[in-house]
Amino acid sequence: MGATLVEAVALLAQFESRLLDIVVLSLQVSGTAVAIGALVGLPFGAWVAVARFPGRGAATVALNGMMGLPSVIVGVIVYLALSRSGPAGSLGLLFTPSAMVIAQTVLTAPLMAALARQIVEDAWRDYETEFSALHLTRAQSVATLLYDCRYSLVVAVLAGLGRAMSEVGAVMIVGGNIDGFTRVMTTTIALETSKGDLPLAIALGIVLLTVVMLLNALAHVLRGWAMRRFG
Amino acid sequence: MLAGVDLELGSEGITVVLGPNGAGKSVLLRVLAGLQAPDDGTVLWGERAAPGNAVAIVFHQPALIRASVRANVQLALLPLALPRTERGARVQRVLARVGLEHRGDDAARLLSGGEKQRLALARAWVARPRLLLLDEPTANLDPTATETVEQLVREIRTDGARIVMTTHNLAQALRLADDIVFLDRGRVVEQAPAERFFRRPQAPEAKLFLQGELPWRISFES
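These protein sequence lines map, in sequence, to chains A and B.
Numbered per the numbering used here, the first sequence spans residues 41 to 271.
Numbered per the numbering used here, the second sequence spans residues 933 to 1154.
As structure tokens, this is what we get:
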């Protein structure tokens, strides 16, 4: 065990190229997926918080339920869509990083939307009367609320990023875990552990944990600064 | 709750709505602002329904977004879709009128109570409303801040806006009001020019209310 840890730390210290490539690909795939998911999910969640329409309660329940979508289910759905016989088969995206981005976007967008809905709904209680008095349209209210809650929404985005970076099911199914092409941190950890080759798995685990902790620390600092700056 | 409110307001001046707690003063303002629809009856401007953007309301605890003073004032101009240069100029002019021209980039939520109320007035004023509703605008302010806000209310009236405000401060009502509307349990009990109301209130409820406030000072002409 001790020797394995030493080997893992040595891999990290040497900035071993294979390890770096895997980390960079992981950050690219998850970062892109979360960026797209946030562009879609945050405004949608904010709109659900503010809008009044028949079935809004059911939509809220469905959104909250999708927060816990199993990643393998998403993987299967995206796989079927991108496979040769699927509706998007002609795009040739299966077993590419793009397919992984699509799968992680589908996984994280509802999570960020549900969290955004809750955050914005809480703020809307404070602002609804004032915004009505200012004659803001629904769209103007949503945009203003997204701006007002921007530092709290960072938490929603980080939750999405954490989900994306730590999931293995979806990217394994649609990416194929191809060495040097679609192998990311989580799929590598799963593979190397099953092979009994632990140093790389542990090294990547340390990187993954460090990235997640750093991002959360950044969010904490950012929120504290925002409170002091804007009240 | 309001019941049996039949009110006609002229096109100029400051009307102060008085009444005990629960009389319906704030509800009346919300109905005039279009924030609450009456179960029965209508609010008319002349013969027509009120044009939406012509009415502005300031609450005694205004909701300010987590942004600068300037951005909070600009919020009121969003529905008007003005060109950016005109928007900026209007905001800067109104900030100067309320004495916040040097605080434009400061965080709105970190202002003092008096400054926040001046900001709320600026936000209402920048849209050039024809009717400005003020719901206890100085409720939480010290005397100095109150005087500043009252002076701004007079300036807004001079600018041509019709003002309807509520207050529990009778001295303030004396200082600002052109006419008084007295509400009790959701009904308009008396409406009169301010001087006549304070000298010779007609309604028993109004007399009791005024006596309750300043029993050692008020004496009514018979």
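By construction, the Cβ of each residue, glycine as well, lies at the ideal position given by its N, Cα and C atoms.
Three-state secondary structure assigned by DSSP to residue i
{"i": "A:F270", "result": "helix"}
{"i": "B:R1119", "result": "strand"}
{"i": "B:I1112", "result": "strand"}
{"i": "A:V224", "result": "coil"}
{"i": "B:L1064", "result": "strand"}
{"i": "B:R1132", "result": "coil"}
{"i": "B:M1097", "result": "strand"}
{"i": "A:T177", "result": "coil"}
{"i": "B:V948", "result": "strand"}
{"i": "B:W1148", "result": "Its pLDDT being 48, under 50, B:W1148 is placed unreliably in this model, and the value from its coordinates should be taken loosely. Of the three classes helix, strand and coil, the one that applies to B:W1148 here is coil, per DSSP."}
{"i": "B:A1013", "result": "coil"}
{"i": "B:S1000", "result": "strand"}
{"i": "A:V261", "result": "helix"}
{"i": "B:A1071", "result": "coil"}
{"i": "B:P1125", "result": "strand"}
{"i": "A:L151", "result": "helix"}
{"i": "B:V987", "result": "strand"}
{"i": "B:A995", "result": "coil"}
Straight-line gap, residue i to residue j (C-alpha atoms, nearest Å)
{"i": "A:G108", "j": "B:G1045", "result": "44 angstroms"}
{"i": "A:A89", "j": "A:V160", "result": "6 angstroms"}
{"i": "B:G1020", "j": "A:V261", "result": "33 angstroms"}
{"i": "A:L82", "j": "A:Q144", "result": "16 angstroms"}
{"i": "B:P1061", "j": "B:L964", "result": "13 angstroms"}
{"i": "B:N953", "j": "B:L939", "result": "20 angstroms"}
{"i": "B:K957", "j": "B:L1115", "result": "7 angstroms"}
{"i": "B:L967", "j": "B:G1118", "result": "17 angstroms"}
{"i": "A:S123", "j": "A:I113", "result": "15 angstroms"}
{"i": "B:R1094", "j": "B:H992", "result": "18 angstroms"}
{"i": "B:A1126", "j": "B:I1112", "result": "5 angstroms"}
{"i": "A:E192", "j": "A:L155", "result": "Looking at the sequence shown, residue 192 of chain A is not Glu but Ser. Cα-Cα distance, rounded: 10 angstroms."}
{"i": "B:L934", "j": "B:L1027", "result": "36 angstroms"}
{"i": "A:L60", "j": "A:V46", "result": "18 angstroms"}
{"i": "A:R178", "j": "A:A99", "result": "18 angstroms"}
{"i": "A:E170", "j": "B:N1101", "result": "24 angstroms"}
Environment of residue i [buried if 16+ CB atoms lie within 10 Å]
{"i": "A:K235", "result": "exposed"}
{"i": "A:L319", "result": "One cannot answer for residue 319 of chain A here, as it falls past the ends of chain A, which runs 41 to 271."}
{"i": "A:P137", "result": "buried"}
{"i": "A:F270", "result": "buried"}
{"i": "A:S70", "result": "buried"}
{"i": "B:W1148", "result": "Its pLDDT being 48, under 50, B:W1148 is placed unreliably in this model, and the coordinates cannot settle the point."}
{"i": "A:P94", "result": "exposed"}
{"i": "A:H175", "result": "buried"}
{"i": "B:W977", "result": "exposed"}
{"i": "A:Y167", "result": "buried"}
Short CB-CB distance (under 7 angstroms) between residue i and chain B
{"i": "A:G271", "result": "yes"}
{"i": "A:D61", "result": "no"}
{"i": "A:E158", "result": "The sequence given here has Gln at residue 158 of chain A, not Glu. Answer no: the Cβ-Cβ gap between A:Q158 and chain B never drops below 7 angstroms."}
{"i": "A:E161", "result": "no"}
{"i": "A:A259", "result": "no"}
{"i": "A:Q180", "result": "yes"}
{"i": "A:A9", "result": "Coverage of chain A is limited to positions 41 through 271, which leaves residue 9 of chain A absent and any answer about it impossible."}
{"i": "A:L176", "result": "yes"}
{"i": "A:D219", "result": "no"}
{"i": "A:D237", "result": "no"}
{"i": "A:Y272", "result": "Residue 272 of chain A is absent from the structure shown; chain A starts at 41 and stops at 271."}
{"i": "A:L262", "result": "no"}
{"i": "A:E170", "result": "yes"}
Min CB distance residue i to chain A below 7 angstroms
{"i": "B:N985", "result": "yes"}
{"i": "B:I1088", "result": "no"}
{"i": "B:W1148", "result": "Since pLDDT at B:W1148 reaches only 48, below the 50 mark, its modelled position is unreliable, and no value is offered."}
{"i": "B:L1032", "result": "no"}
{"i": "B:I997", "result": "yes"}
{"i": "B:R1128", "result": "no"}
{"i": "B:A1054", "result": "no"}
{"i": "B:A965", "result": "yes"}
{"i": "B:R1022", "result": "no"}
{"i": "B:R1041", "result": "yes"}
{"i": "B:L961", "result": "no"}
{"i": "B:L1010", "result": "yes"}
{"i": "B:I946", "result": "no"}
{"i": "B:I989", "result": "yes"}
8 angstroms contact criterion, which residue i and residue j should meet: CB distance rounded
{"i": "A:P307", "j": "A:A78", "result": "In the structure displayed, chain A extends from 41 to 271; residue 307 of chain A sits before or after that span and is not available."}
{"i": "B:V990", "j": "B:A1052", "result": "5 angstroms"}
{"i": "A:R203", "j": "A:L147", "result": "6 angstroms"}
{"i": "B:A1008", "j": "B:R1055", "result": "5 angstroms"}
{"i": "A:F84", "j": "A:A153", "result": "5 angstroms"}
{"i": "A:F135", "j": "A:I218", "result": "6 angstroms"}
{"i": "B:V1081", "j": "B:P1069", "result": "6 angstroms"}
Amino acids of chain E, ordered along the chain, whose beta-carbon sits closer than 8 angstroms to that of residue i
{"i": "B:L1007", "result": "Annotation note: the requested chain E is absent from the structure, which comprises protein chains A and B."}
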